[in-house]
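Residues in the sequence shown are numbered from 1 upward in steps of one, following UniProt numbering. Beta carbons: idealized from backbone N, C-alpha and C, even for Gly. Reading through the structure tokens given below for one structure.
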Amino acid sequence: MLRMGLRIGLAGALLAIAVSWALLGWSGLASAAVGALVAFGSSLVTVWMMHKTAALPPEMLFGLVLGGYILKLGALLVVMLTLRGVAVFDPVALGVTMLVTVLAWAAAEVIAFQRAKIPTVIPETRDEG
1 MLRMGLRIGL AGALLAIAVS WALLGWSGLA SAAVGALVAF GSSLVTVWMM HKTAALPPEM
61 LFGLVLGGYI LKLGALLVVM LTLRGVAVFD PVALGVTMLV TVLAWAAAEV IAFQRAKIPT
121 VIPETRDEG
């Protein structure tokens, strides 16, 4: 998932950065670059959490996933509030680039998951007797 995410996520980020630069100049480039970095950081944290929690029972896993999601949203809020007053940044370019990058990464994870050769549903075995 990581390699596929990096490839497709990078393509989406570079496309959004190029469009922002073409439409808004250096301000768009800087804003889109920061948006891409934040989105990549969020996606990499997700992959890291998946690796660290893969062996846990489902009851613990769901709690940790929710906690990680809340922490990522909190970090995103802090970044956005910090950059809110910076005149150089264009909030639309930053937000659109983050959205494009995260959606591209999510699409890459779906593709990688579909190509994986591991069972995703293990049927329950029945005891005969």
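Determine whether the beta carbon atoms of residue i and residue j lie at a separation below 8 angstroms.
{"i": "Ala39", "j": "Ser20", "result": "no"}
{"i": "Ser42", "j": "Asp90", "result": "no"}
{"i": "Val47", "j": "Met80", "result": "no"}
{"i": "Gly9", "j": "Thr101", "result": "yes"}
{"i": "Met4", "j": "Ile118", "result": "no"}
On the criterion of 16 or more Cβ atoms from any shown chain inside 10 Å, does residue i qualify as buried, or is it exposed?
{"i": "Trp105", "result": "buried"}
{"i": "Ala30", "result": "buried"}
{"i": "Glu109", "result": "buried"}
{"i": "Ala54", "result": "exposed"}
{"i": "Gly12", "result": "buried"}
{"i": "Ala22", "result": "exposed"}
{"i": "Ala36", "result": "buried"}
Which residues mark the beginning and the end of the alpha helix (DSSP H) in which residue i is found?
{"i": "Val47", "result": "26–53"}
{"i": "Phe111", "result": "Residue identity differs from the one stated: residue 111 is Ile in this sequence, not Phe. Its alpha helix (DSSP H) spans residues 91–115."}
{"i": "Ile70", "result": "58–83"}
Please look up how many angstroms separate the CB atoms of residue i and residue j, rounded, as I've assumed it's under 8 angstroms.
{"i": "Val34", "j": "Leu94", "result": "6 angstroms"}
Would you check if the segment 68–77 and the segment 5–17 touch, i.e. whether three or more CB-CB distances between them fall below 8 angstroms? no
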